[in-house]
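Chemist:
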Amino acid sequence: MDDIYCIFLGGLDNLCTLNKQYGLTKLANEPMFVIQAYKTLRDRGPYPAHSVLKDLDGSFGFILYDLKAKTVFVSLSADGGVKLFWGIAADGSVVISDNLGVIKSSCSKSFAPFPTGCMYHTEGGLMSFEHPKNKMKAISRIDSEGAMCGATFKVDIYSKTQTMPRVGSEANWATWGQGA
């Protein structure tokens, strides 16, 4: 659909409600909904992606690729009902799959489970959609031989991302985001 491709795993318990909200037909399935929600956010969305993802009820994981924008958007529900893995292949490319065998053969030891309750976007990186104001923290993974083999990511409850200053504050908005 418009050079946007989506692989969806699991299911959304509130798909009918979401389809109504986004103006889709009753026959629209989960990948069609994800593509429409992505296009809405990309083109005219007043809402950040994390607030849309928080509205999804169910066990899900998806990988969306926008060919024109050359971007990837990945998300995994917080309940752990669907598993995704990601890693770095020998040529430096990112590999994402629900098949651990594919990941192991493609990435050797440089892989980890994709973190639950999180989303990844080519431009914005990895973030938690459950705790969008917190930064993510990388934790080294050590294999049975004691060698570092990638990282897992957890929400860092002690660090916050920089937010837009409130109206009326003394902050200089012209410099907002430059120190982040």
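Per numbering that gives the first Met the number 0, the sequence shown runs over residues 0 to 179.
Yeah, the Cβ is synthetic: ideal placement off N, Cα and C, and Gly gets one too.
Indicate the three-state DSSP secondary structure (helix, strand or coil) for Asp56 in the structure shown.
Modeler: Asp56 falls in the coil class under three-state DSSP.
Chemist: State whether the stretch 30-41 contacts the stretch 102-121, with contact taken as three or more CB pairs (one from each stretch) at a distance under 8 Å.
Modeler: As far as the Cβ criterion goes, the stretch 30-41 does not touch the stretch 102-121, which means the pair count is below three.
Chemist: Tell me, which residues are paired with Val93 by DSSP?
Modeler: Val93 is bridged to Ile87.
Chemist: Inspect the CB distances between the stretch 100-110 and the stretch 75-89 and report whether three or more fall short of 8 Å.
Modeler: With a cut-off of 8 Å, the stretch 75-89 and the stretch 100-110 count as touching, because enough Cβ pairs lie within range.
Chemist: If you follow the alpha helix (DSSP H) that Ala27 is part of, which residue opens it and which one closes it?
Modeler: No alpha helix (DSSP H) holds Ala27; DSSP gives it neither H nor E.
Chemist: Given a cut-off of 7 Å on the beta-carbon distance, is the pair Ser58 and Gly9 in contact?
Modeler: Taking 7 Å as the Cβ cut-off, Ser58 and Gly9 qualify as a contacting pair.
Chemist: Where does Gly123 sit, in a helix, a strand or coil, going by DSSP?
Modeler: Coil, per DSSP.
Chemist: Measure from the alpha carbon of Asn133 to the alpha carbon of each residue in Ala48, Lys153 and Phe84, then state which is nearest.
Modeler: Taking only the C-alpha atoms, the option nearest Asn133 is Lys153.
Chemist: Just reading off the beta strand (DSSP E) that Val81 is part of, what are its end residues?
Modeler: From DSSP, Val81 is part of no beta strand (DSSP E); its letter is neither H nor E.
Chemist: How long is the line joining the alpha carbons of Val51 and Thr39, rounded to whole angstroms?
Modeler: Cα to Cα, Val51 sits roughly 11 Å from Thr39.
Chemist: Would you report the Cα separation of Leu83 and Val101, rounded to the nearest angstrom?
Modeler: Answer to the nearest angstrom: the Cα atoms are 11 Å apart.
Chemist: Taking only three categories from DSSP, how would you classify Gly116?
Modeler: Looking at Gly116 - three-state DSSP - the assignment turns out to be coil, as it is neither helix nor strand.
Chemist: Looking at the structure shown, is Asn13 part of a helix, part of a strand, or coil, going by DSSP?
Modeler: Three-state DSSP puts Asn13 in coil, outside helix and strand.
Chemist: Gly100 lies in the alpha helix (DSSP H); which residues open and close that run?
Modeler: From DSSP, the alpha helix (DSSP H) with Gly100 extends over Leu99 to Cys106.
Chemist: Look at the alpha carbon of Asn28 and the alpha carbon of Glu129, and state the distance between them as a whole number of angstroms.
Modeler: Cα-Cα distance, rounded: 24 Å.
Chemist: Helix, strand or coil: how does DSSP classify Lys159 here?
Modeler: Note: Lys159 maps to strand in three-state DSSP.
Chemist: In angstroms with no decimal places, state the Cα-to-Cα distance between Phe110 and Glu144.
Modeler: Their Cα atoms are separated by approximately 16 Å.
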